[in-house]
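Chains as they are written, first to last, in our numbering: chain A, 68 to 296; chain B, 202 to 1015.
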C-alpha cells in the first residue's frame, strides 16, 4: 500500500508539472521522440489507447508509455538527440512541453533500468527523470537509473545532476560524474563513488548490440535475435 | 520551348568553354579530391599517366596562412598515390597542395608541372562548419551508421530549425533521388517509416541529403549524411562479438606505351575488425612492380590498438613531433602505451632497403663514384667505379611523454638513423643521423588558448664508412694546421659525448654544435574566441639541421608568422589575413641575408543557399637580400648575388549549385600570378589560368560533366599556352548493376593531347564487382622545363599513341 502511495505521489507530481509548464502545449500528435531499436518484447500505449507491439520508427508523443519484457530492449531517441536505452522489465512514460524551439522533457520510470545520454540542453530547457522516490534534473550528461522495490539508484557517468528526494525530508542536492546516489523508500539519500558492481551495471546498460541465430527449416530461415551479454 | 532548348545549348557550350581545372602533367592524369569540409579528413588521390613509373610520391600541403608546406610520403599503389590530410589541417578558406614524384629513371616531376617555376600550388576550397548544421538533426540513419535494409528508416528532427524555415517544404534526397513524397511530416519530425520505404537499397555506401527552404521557398540550408547498408549475410556474421569489414581488389592491366606492352598485376587486401574495444587494421598490397633493384612497392601492415596501447607491424607512417619524425614510411614495428599521465612510443625498422649497386670498371684512385673494394675479392684491385646502390637504412625512435595532450603534454624525442655499411658492396658514403628533441603544450579552456613549442638538435654524418676517428687522427685533421680549422679538443669532446651512439669523424655536421647551427625550434600561441582565430608563431631552423625522419624541413630560416581568421554571419563569411617575415643566413655563411616577406589575404563567402560561394585571395611575396649593383657600385659581383623579386598572385573561385529542371553545379576559378624579378637574372614569370567546370544530373542514372581550362604562362622569354577540354558522362543500367562511364579530353595549343577513357563496372554480386577500363592517349607537345642545375629553361618534346586496358575485380566484406 505504501509503495502504491509513492508511485501515486510521483505520478501526480509528473502529471502536475507536465500540465503546468509555461508556454504553448504541443498538439497531442506532436512527436517528440522516435523508437530507434526494438529487441524482443516491447509494447507501447498512447494516452487513450491500448497496449500494442511497438516497431522501429514509431513516433512517441507526450503521455506515451513503453514497457519491456524479459531480455528486451527499446532504444528511444528524442528530437534534441537525447537517447534512452530502456532495459528489460522496465516501464516508462514520457512527457514533454514545447515552447517554441525549447522542449522540456520528463520521463517517468515506474520500474526497471534506463540508461540515458542527455544532449546538452538549451537555455530554459531541461530533461527530468522522475521515479517513485526522486526527481532528477539533467542538462546534458550520461548515466543510468535503476528503479526497484527498495528505491532508486542513479549512477552518473559524466556531467552533473540536480536531484530531490520525493519522500521523507525531500532532500535536495547535486551530484557529479563518477558518483552514485541511492534514494530509499524512507527518503534517505546516500551519495558515494561508483562501485565496481555499479560500473559493470552501467556498462551493461549501454549495450544494444544483438546476436542472431539462424535456424534453417523447410519453411524458411528462422532468425532469433537476442541481446549480447 | 525555344528558351528551354537555348538554355541547354548555352549550358552545354558553357560547359565546353570553361571547365575542369586540368593541369597538364607527364605524370598525373587525374586528381580526385573529396569534398573539403572544415575539420574533416580530406583524401587526395593522384592517378598516374600510364607511361609513368613512379617510385615515390610526396605531397606538400598547407593551410591558409602557413607559408611552409607540411610534407608527407603518399601511399603509392599501382597507378595511384593516396594521401589523407588530417582533419586538423583542413581549415577554411582553403588548403593548398602540390605533389612531387620520383621516377624509376631518377628524374623528379611535380604536379602542377610548373610548380617549381611559378611556386603556385593548387587550392582547394574548404567549406566552413555552419551554425545552421545544428538546425537539422538526422536521427536515423546516423552519420556513418551501418545498418541492415530491414532496420532502415529515415527520421529527421527540425526542432532547432529557424523560424524562417518552412518545415513542410523540406526536401529529402537519397542518393540524389527525391524521396520527399514518402515522408510523413509531423511537426518537428519527418519520418519515412519502413512500411513507406519500398525502394530496394543496394548494399554499400549511400548518401542522404536534406534541403531546408524558407518561407519564400528559397533554399535556406542543406546537409548531407552518409550511411552503409549491410549485406544480410555479412551482417549476421557481423553480429558476433567481432565486427569486421574488408575488401579484396585484384587488378590486371596492360599498357601499350610507345609500342612497348607491359602487364601490371596488383592485389590489394584491406581488413578491419573490432573486438571488445580492440581495433585491428591490416593491409596487404602485392604488385608485379616489386623489383629487387628498386625500393619496395609491395606493402603489408597489421595494426592492433585500443584506448591505451597500439602496436603496428609492417609498412606504416609513425607520427612524432614534426621536426623529428613525421610522414616517413617505416617498414618495421611501432608500439605505444598511453596511460595519460605517462605515455611512451617507439618505432624501429628500415626506411630504405638495401639495393645493390652495379660494378662498372676498376680504377686506380678514389673519385666521385669510385669506391674502395676488397682487393682480395677483386684480384688485387683496390678501387672500382660503380653505379652506387642504396644502403639499408635503419631507424630507431623513442618518445616518452607526460600528460594526455588535452591540457598539458611534455615529451622527449630520440631518433637514430643509420645506414648499414655492410648491407651492400657497391655503395658510396653511408650516412648516420641523430636527433634529440623536446616538445611541450599547454591548452586552456578546451584548447581555445593553446601554446605549443618544440625544439630539436641534430647531428649528421655524411660518411661513416671509415668509422669514428682516433685521437691521433683528430689531431691530424683538425686544428689551425689541419684540414678543418676547428679545435681538436672540441671534436674529441663531441666524439666522447656520443660515443657508442654516433660515429664522429670529419664528415659530421655540425662540427661546431655549440654554435647551434643544427638547432630547430618553433613556438606558437593561439587564441580562438568570438569567432576569431588568432595565432602567432616563431620559427628557428639552423642551416645544418637535418632529420632523416623528416626530409622536408626548410632550414636556414628564422622569423615570425601571424595568422588571423575571422568568421562572420554564422560561418558564411570568412576574412583571413596572414603575414610572415623570415630571414636566412642564420650562421652568417652567406654573403647577404635574404628577407622573405609574405602577405596572404582571403575573403570567402559561403551562403549555403541558392547563391554562389566565392573566394577571393591575394598573396604577395617579397624576397630581397639588399644587394644591388646600384647600391654597391664598387662591388662588381654584387649583381650576381642580388635577390630582389616580388610575386603578386590573385585567385578567385566561384561555385554554384542550382536546380533548373535538373540539378546543376558550376564552378569557375581564375588564378593570375606575376613575378617581377629585379635582379640581374631578370627571371620574370607570368602565369594565368581560367577553369570552368559544370556538371548536370539529368536523370537518376545519367549525369554529365563539361570542363574547360585555359592556361597561359611565360617564363623568362618562353611562352606556353594551351586549352584543355573534357566531356564526360556516367550512365547506369540493368537496375544499376552495370555502370558505364566515358570521357573525351582534348587539349590544344602548345600542349596537344587527346585522351579517351571508357569504363564498364558490373556487379556480379552485391559485394563483387568486375570492371573493364580502357584508355587511349594521343599526345604531341613541347613543354618547357627548368634544368635543376643550371636553372635554364629547355624544351621537351613528346609524341605518341598509347593504349591501356585494365581489368579489375573487387570483393567487399562487411
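Glycine included, every Cβ here is placed at the ideal spot set by N, Cα and C.
All of these numbers come straight from a predicted model, not from anything done at the bench.
Would you verify that the beta carbon of residue 542 (chain B) is, or is not, closer than 8 Å to some beta carbon of chain A? As a first step, residue 542 (chain B) is located in the second chain; it is residue number 341 there, counting from the start. Chain A contact via Cβ: absent.
Do you know offhand how far residue 947 (chain B)'s Cα is from residue 853 (chain B)'s? Counting from 1 along the second chain, the entry for residue 947 (chain B) is found at position 746. Counting from 1 along the second chain, the entry for residue 853 (chain B) is found at position 652. Spanning the two alpha carbons is a distance of roughly 25 Å.
Starting from the beta carbon of residue 358 (chain B), find every residue of chain A whose beta carbon is closer than 7 Å, and list them in chain order. Taking the second chain and counting its residues from 1, one reaches residue 358 (chain B) at position 157. 146, listed in chain order.
C-beta contact flag for residue 1086 (chain B) and residue 410 (chain B) at 8 Å: Examination of residue 1086 (chain B) is not possible in this model, given that chain B is present from 202 through 1015 alone.
For the segment 341-353 of chain B, which residues have a CB atom closer than 8 Å to at least one CB atom of chain A, in sequence order? Cβ proximity to chain A below 8 Å picks out 341 and 352 from the segment 341-353 of chain B.
Restricting to Cα atoms, I'd like to know which of B:655, B:712 and B:730 is closest to residue 721 (chain B). Numbered from 1 along the second chain, position 520 holds the residue referred to as residue 721 (chain B). Nearest of B:655, B:712 and B:730 to residue 721 (chain B), Cα basis: B:655.
Given residue 329 (chain B) as reference, the closest of B:814, B:1003 and B:921 once Cα atoms are compared: Here residue 329 (chain B) corresponds to residue number 128 of the second chain, with the count starting at 1. Of B:814, B:1003 and B:921, the residue nearest in Cα terms is B:814.
Residues in the same chain with beta-carbon distance under 7 Å from residue 340 (chain B), minus the five sequence neighbours each way, listed in chain order, please. For this step, residue 340 (chain B) is matched to residue 139 along the second chain. The residues are 356, 357 and 358.
Have a look at B:300, B:265 and B:238 and flag the residue whose alpha-carbon is nearest the alpha-carbon of residue 228 (chain B). Locating residue 228 (chain B) in the second chain gives position 27, counting from the first residue. The alpha carbon of residue 228 (chain B) has as its nearest neighbour, out of B:300, B:265 and B:238, the alpha carbon of B:300.
Runs of alpha helix (DSSP H) lying entirely within the segment 308-388 of chain B, each at least 4 residues, in chain order: Segments of the alpha helix (DSSP H) lying fully in the segment 308-388 of chain B: 316-319.
With 8 Å set as the bound, which would you pick, yes or no: does the beta-carbon of residue 124 (chain A) sit closer than that to a beta-carbon of chain B? Along the first chain, read from residue 1 onward, the residue named residue 124 (chain A) stands at position 57. Cβ-Cβ to chain B under 8 Å: yes for residue 124 (chain A).
Positions along the segment 97-115 of chain A whose CB lies within less than 9 Å of some CB in chain B: If the cut-off is 9 Å between Cβ atoms, the segment 97-115 of chain A has 97, 98, 99, 100, 101, 103 and 104 near chain B.
Under 8 Å by Cβ, that's how I've got residue 480 (chain B) and residue 450 (chain B) pegged, so tell me the actual separation to the nearest angstrom. Here residue 480 (chain B) corresponds to residue number 279 of the second chain, with the count starting at 1. Here residue 450 (chain B) corresponds to residue number 249 of the second chain, with the count starting at 1. The Cβ separation is near 22 Å, so there is no contact.
Counting beta carbon pairs with one atom in the segment 665-675 of chain B and one in the segment 744-760 of chain B, are three or more of them shorter than 8 Å? In short, these stretches do not touch, since the Cβ pair count stays below three.
DSSP three-state assignment for residue 841 (chain B), whether helix, strand or coil: Position 640 of the second chain, counted from the start, is the residue given in the question as residue 841 (chain B). The DSSP-derived three-state label of residue 841 (chain B) is helix.
Taking the beta carbon of residue 525 (chain B) as the centre, do at least 16 other beta carbons fall within 10 Å, making it buried, or is it exposed? Reading the second chain from its first residue, position 324 is the one you call residue 525 (chain B). The residue is buried, with at least 16 neighbouring Cβ atoms inside 10 Å.
Check whether residue 238 (chain B) and residue 771 (chain B) have beta carbons under 8 Å apart: Stepping through the second chain from its first residue, residue 238 (chain B) is reached at position 37. Stepping through the second chain from its first residue, residue 771 (chain B) is reached at position 570. If you check the CB distance, residue 238 (chain B) and residue 771 (chain B) do not come in under 8 Å.
Any idea if residue 271 (chain B) is buried or exposed, counting beta-carbon neighbours within 10 angstroms, 16 or more meaning buried? Translated into the one-based positions of the second chain, residue 271 (chain B) becomes position 70. Classification for residue 271 (chain B): buried.
Please list the segments of the beta strand (DSSP E) lying wholly inside the segment 759-788 of chain B, counting only runs of 3 or more residues, in order along the chain. Taken in chain order, the complete beta strand (DSSP E) segments of 3 residues or longer contained in the segment 759-788 of chain B are 774-784.
I want to verify the contact list: residues of chain B whose CB lies under 9 Å from the CB of residue 170 (chain A), in sequence order. Within the first chain, the letter at position 103 stands for residue 170 (chain A). Listed along the chain, the chain B residues whose CB falls inside 9 Å of the CB of residue 170 (chain A) are 360 and 389.
Best match in A:200, A:119, A:179 and A:175 for proximity to residue 194 (chain A) [C-alpha to C-alpha]: For the purposes of this step, residue 194 (chain A) is taken as the residue at position 127 of the first chain. For residue 194 (chain A), the closest alpha carbon among the candidates A:200, A:119, A:179 and A:175 is that of A:175.
Pick out whichever of B:955, B:689 and B:938 has its Cα sitting closest to the Cα of residue 969 (chain B). The residue labelled residue 969 (chain B) in the question sits at position 768 within the second chain. Out of B:955, B:689 and B:938, B:938 has the C-alpha closest to the C-alpha of residue 969 (chain B).
Tell me whether residue 223 (chain B) sits in a helix, a strand or coil according to DSSP, three-state version. Translated into positions along the second chain, residue 223 (chain B) becomes position 22. Reliability of the predicted coordinates at residue 223 (chain B) is poor, the pLDDT of 45 falling under 50, and the value obtained from them is presented with this limitation in mind. Coil, per DSSP.
Name the one or two DSSP bridge partners that residue 561 (chain B) has. Your numbering for residue 561 (chain B) matches position 360 in the second chain. Bridge partners of residue 561 (chain B): none, in fact.
Between residue 957 (chain B) and the rest of its own chain, which residues show a CB-CB distance below 6 Å, the 5 nearest in sequence each way excluded? Within the second chain, numbered from 1, the residue matching residue 957 (chain B) stands at position 756. 945 and 977, listed in sequence order.
Residues that residue 669 (chain B) contacts on chain A, provided the C-beta gap is smaller than 9 Å: Counted from its first residue, the second chain places residue 669 (chain B) at position 468. Correct list: empty, because the minimum Cβ distance to chain A is about 57 Å.
Could you round the C-beta distance between residue 275 (chain A) and residue 152 (chain A) to whole angstroms and report it? I think they count as a contact, below 8 Å. Looking up residue 275 (chain A) in the first chain gives position 208. Looking up residue 152 (chain A) in the first chain gives position 85. Contact between residue 275 (chain A) and residue 152 (chain A) holds, since their C-beta atoms are separated by about 6 Å, short of 8 Å.
Can you pull the chain A neighbours of residue 395 (chain B), defined as C-beta to C-beta under 9 Å? Mapped onto the second chain, residue 395 (chain B) falls at position 194. Ordered by position in chain A, the residues that pass the 9 Å Cβ test against residue 395 (chain B) are 122, 123 and 124.
N-terminal and C-terminal residue of the beta strand (DSSP E) that residue 473 (chain B) is part of: The residue labelled residue 473 (chain B) in the question sits at position 272 within the second chain. Going by DSSP, residue 473 (chain B) is part of the beta strand (DSSP E) stretching over 461-476.
Quick check: the Cα distance between residue 876 (chain B) and residue 916 (chain B), rounded to an integer number of angstroms? Residue mapping note: residue 876 (chain B) aligns to position 675 of the second chain, counting from 1. Residue mapping note: residue 916 (chain B) aligns to position 715 of the second chain, counting from 1. Straight-line Cα distance between these residues: approximately 9 Å.
Whole beta strand (DSSP E) elements within the segment 709-759 of chain B, 3-residue minimum: Listed in chain order, the complete beta strand (DSSP E) runs (minimum 3 residues) inside the segment 709-759 of chain B are 720-730 and 733-742.
Beta-carbon neighbours of residue 886 (chain B), restricted to chain A and to distances below 7 Å: Looking up residue 886 (chain B) in the second chain gives position 685. Here the premise fails: no neighbours, minimum Cβ distance about 53 Å.
Chain-ordered chain A contacts of residue 941 (chain B) [CB-CB under 9 Å]: Here residue 941 (chain B) is taken as the residue at index 740 of the second chain, counted from 1. Those do not exist, as residue 941 (chain B) stays about 36 Å from chain A at its closest Cβ, beyond 9 Å.
So with Cβ pairs under 8 Å, would you call residue 338 (chain B) a contact of chain A? If you number the second chain from 1, residue 338 (chain B) lands on position 137. Yes - at least one Cβ of chain A is within 8 Å of the one on residue 338 (chain B).
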